[in-house]
Each structure stands twice: as structure tokens, then as C-alpha cells.
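Taking my numbering, the leading residue of the sequence shown gets 23, the next gets one more, and so forth.
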Amino acid sequence: MKRKDAEAKPKTKAKRHGVKFCPRCGSTNVFWASGLPQLWSIWECRDCRYRGPLILDDGKLAAKLREEYLKKVARKR
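Right, dumping it as C-alpha cells:
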């Protein structure tokens, strides 16, 4: 009977929203600049002050960008 009960329940997967990354520094500290999500929204990074329409969803690329950005910031000091 457990088998029938398990099969009777509809299986739904929760839709996951990916983590957003800054294309300049790889930070996850990014937010909509306007405060409201819209198709024409401008994103803002609160770490490097990037403002623009593009944002990354790729964690591997963001990790590389973050590493390079932190090295560049360390060299400037």
C-alpha cells in the first residue's frame, strides 16, 4: 500500500532560482538598482559598484572572476 500512496502523490519540483553574480568582481552581493525586478532592470554590485543590465548565473566563472578581482584589489593597496 505504501507503494500506491507514493505513486498517487504528484511529484513536483520546486523551481530554484540561481545565485546571481557580478560580472566584474564575481560577488554575490548584487541587487536590482531600482529595487524592483523588471525586464529592463539595472543590477548593482555593492562590492565593486558595477551597474549594468548583465549579471552572471555561472558559479565557476564567477569564482574565477572573484579571484582575479581580489588579486587586482590587493595589488592596488
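Don't be surprised by glycine CBs; every beta carbon is placed ideally from N, CA and C.
Take residue i and list the residues in its own chain whose beta-carbon comes closer than 8 Å to its own, dropping the five residues that flank it on each side.
{"i": "C70", "result": "C44, R46, C47, S49, Y91"}
{"i": "L76", "result": "P45, W65"}
{"i": "K42", "result": "T50, V52, W65, I77, L78, D79"}
{"i": "A55", "result": "S63, I64, W65, E66, R73"}
Once you ignore the five residues that flank residue i on each side, which residues in its own chain have a CB closer than 7 Å to its CB?
{"i": "K98", "result": "none"}
{"i": "R88", "result": "C47, G48, S49"}
{"i": "G40", "result": "D79"}
Mark residue i as exposed unless 16 or more other C-beta atoms lie within 10 angstroms of its C-beta, in which case mark it buried.
{"i": "L58", "result": "exposed"}
{"i": "A85", "result": "exposed"}
For residue i, I'd like the list of residues in its chain whose CB is within less than 6 Å of its CB, leaving aside the five on either flank, ordered along the chain.
{"i": "Y72", "result": "C44, R46"}
{"i": "A68", "result": "The sequence given here places Arg at residue 68; Ala does not occur at that position. Excluding positions up to five away in sequence, the list reads N51."}
By the DSSP assignment, the alpha helix (DSSP H) with residue i in it spans what residues?
{"i": "V95", "result": "81 to 98"}
Nearest to residue i by CA position, among the options, is which residue?
{"i": "G74", "options": "W62, G40, L83, A96", "result": "W62"}
Which stretch, first to last residue, makes up the beta strand (DSSP E) that contains residue i?
{"i": "F53", "result": "52 to 54"}
May I ask you to check if the CB of residue i is nearer than 7 Å to at least one heavy atom of the ligand NAD?
{"i": "L76", "result": "Inclusion of the ligand NAD in the displayed structure is not the case, the ligand content being empty and no account of it being possible."}
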